[in-house]
Amino acid sequence: MNTAPIILFVYNRLWHTRQVLVALQNNELAVESNLFIYSDGAKSHESIESVREVREYCRAVTGFNSVTIIERDKNLGLAQSIISGISDVLRDYERVIILEDDLVTSPYFLRFMNDALNYYENEDRVISVHGYMYPVHGELPETFFIRDTGCWGWATWRRGWRLFNPDGEWLLKEIYRRRISYVFDMDGSFGFTKMLNQHVLGLIDTWDIRWQASAFLEQKLTLFPGISLVNNIGHDNSGVHSTGTNVFDVKLADQPVKVTFIPVEENLTVRKQLRDYFFSLHKLRFVRMAHRVIAALRSIVRL
């Protein structure tokens, strides 16, 4: 098989990086894959040592066809590091698989990604492949298409990445101009438009919402597995962009996910399941907030 190169973006979380690489090494196609590790530079004096530890560990990594480590002299930040890293690798390759330092994979992750990249290589309506699937309620088909690129273990082709528009302001204006923010927000269930607006205002520095908006405006589809091949272990307050929660935890696939013919169109049944899942998160946040308020009131009464 002509395997796609893997890009892994790391920073200063040694434990997480180790879990990610060990899981990746256990993939059956690891030994056939070229691995590129992009290590961002330290953001502050306090992170110099932790960045050094991660780099030292990465330099000893084996189990792949080749390992190339790119160590940044300066801190680019996650968004710029990912954008530039993907662009660099896609100058030499037609396709690429992307991971970050908190994404643990199933042993069948690389097989699924490569099978899908091969199967849909010439299907212009498909812009990417995603390895993670939210823990929605109900049964899911083995694979399906959604107008949501995702960013937790994914892959694309050079032709797909060409559509990436880094101009968040233009993307936001175009979404408003076409009056599609409700649909973009998964029928009002998730604040993607708000995230894009926060990026434009300089409140957050993110690449994935611009990637999602770029694909959405071009009416492109992403292939998802019915059972997740990726689990995000970074929701433990350890990362710059992470918060503490377990609502996204999933059980990893313990068998291969087959890529076979399905209609190249959004699966509206799964879209509804995703929408319901996102709405359930709003209710969960409300309950947790109510519990915090009650606890605070009780402490006041005791005083």
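According to our numbering, the sequence shown is numbered sequentially starting from 1.
Heads up, the beta-carbon is just placed ideally off N, CA and C, and yes, glycines get one too.
Checklist entry - Do the CB positions of Y38 and I7 come within less than 8 Å of each other? => result Their beta carbons are under 8 Å apart, which means Y38 touches I7 by this criterion.
Checklist entry - Name the DSSP beta bridge partners of Y38, please? => result Looking at the DSSP assignment, Y38 forms a beta bridge with F9 and I70.
Item to check | Stretch-stretch touch, CB-based, cutoff 8 Å, three pairs: the stretch 125 to 144 with the stretch 12 to 25 | outcome: No: the two stretches stay apart, fewer than three of their Cβ pairs being nearer than 8 Å.
Next on the checklist: Whole angstroms are fine: how far does the CA of G150 sit from the CA of S242?
Outcome noted: Note that S242 has pLDDT 46, beneath the 50 cutoff, so the model's placement of it is unreliable and the number below is only indicative. Going from the Cα of S242 to the Cα of G150 covers about 16 Å.
Checklist entry - Which term fits P225, buried or exposed, when burial requires 16 or more other beta carbons within 10 angstroms of its beta carbon? => result Residue burial annotation: P225 is buried, with at least 16 other C-beta atoms found within 10 angstroms of its C-beta.
Next on the checklist: Assess contact between the stretch 39 to 56 and the stretch 88 to 95, defined as three or more Cβ pairs (one per stretch) separated by less than 8 Å. Is contact present?
Outcome noted: Judged by pairs of C-beta atoms under 8 Å, the stretch 39 to 56 does not touch the stretch 88 to 95, as fewer than three such pairs exist.
Checklist entry - Which first and last residues belong to the alpha helix (DSSP H) in which E56 is found? => result Residues I48 to R59.
Checklist entry - With DSSP run on the structure shown, which of helix, strand or coil describes R95? => result Strand at R95.
Item to check | Nearest-angstrom Cβ-Cβ length linking N267 and F145, presumed shorter than 8 Å | outcome: N267 to F145, Cβ: 6 Å. Contact.
Next on the checklist: Quick check on H30: does DSSP put it in helix, strand or coil?
Outcome noted: Sequence inspection shows Ala at residue 30; the His mentioned does not correspond to that position. Three-state DSSP puts A30 in a helix.
Checklist entry - So N232 and Y108 are in contact, right, with Cβ under 8 Å, and what is the actual spacing, rounded? => result Contact flag wrong, Cβ pair sits at about 17 Å.
Item to check | Distance between beta carbons of V129 and A155, contact taken as under 8 Å | outcome: So it is a contact: roughly 5 Å between Cβ atoms.
Next on the checklist: What would DSSP say about V200, mapped onto helix, strand or coil?
Outcome noted: In the structure shown, V200 sits in a helix (DSSP, three-state: H, G or I).
Checklist entry - How is L140 classed by DSSP in three states: helix, strand or coil? => result Looking at L140 - three-state DSSP - the assignment turns out to be coil, as it is neither helix nor strand.
Checklist entry - If you check the beta carbons only, do A30 and F64 fall under 8 Å apart? => result A contact, by the Cβ cut-off of 8 Å.
Item to check | Close beta carbons around I175, own chain, < 6 Å, minus the five adjacent residues each side | outcome: Excluding positions up to five away in sequence, the list reads S181 and F184.
Checklist entry - With C-beta atoms as the reference, is D148 less than 8 Å away from Q212? => result With respect to the 8 Å criterion, D148 and Q212 are classified as neighbours on the basis of their beta carbons.
Item to check | Spatial distance of G41 from N27 (CA atoms) | outcome: Each residue's Cα considered, the two are about 28 Å apart.
Checklist entry - For N12 and chain B, any beta-carbon pair shorter than 8 Å? => result Although the question refers to chain B, the structure presented lacks it and comprises just one protein chain.
Item to check | Reference T17, options N34, M1 and S50, closest by Cα | outcome: Here the closest residue by C-alpha is S50.
Item to check | Cutoff 8 Å; reference L110; Cβ partners in own chain excluding five residues on either side | outcome: So the list reads T3, I6, L24, N27, E28, L29, A30, S33 and I97, once near-sequence residues are dropped.
Next on the checklist: Suppose you measure from the CA of F36 to the CA of R59; what does that come to, to the nearest Å?
Outcome noted: Between F36 and R59, the C-alpha separation is close to 11 Å.
Checklist entry - Between L196 and L171, is the Cβ-Cβ spacing less than 8 Å? => result In this structure, L171 lies closer than 8 Å to L196 by Cβ.
Checklist entry - Which two residues bound the contiguous alpha helix (DSSP H) that contains W211? => result For W211, the enclosing alpha helix (DSSP H) begins and ends at D208 to L217.
Checklist entry - Closest to P141 by CA distance: which of T260, M1 and S280 is it? => result Answer by Cα proximity: T260.
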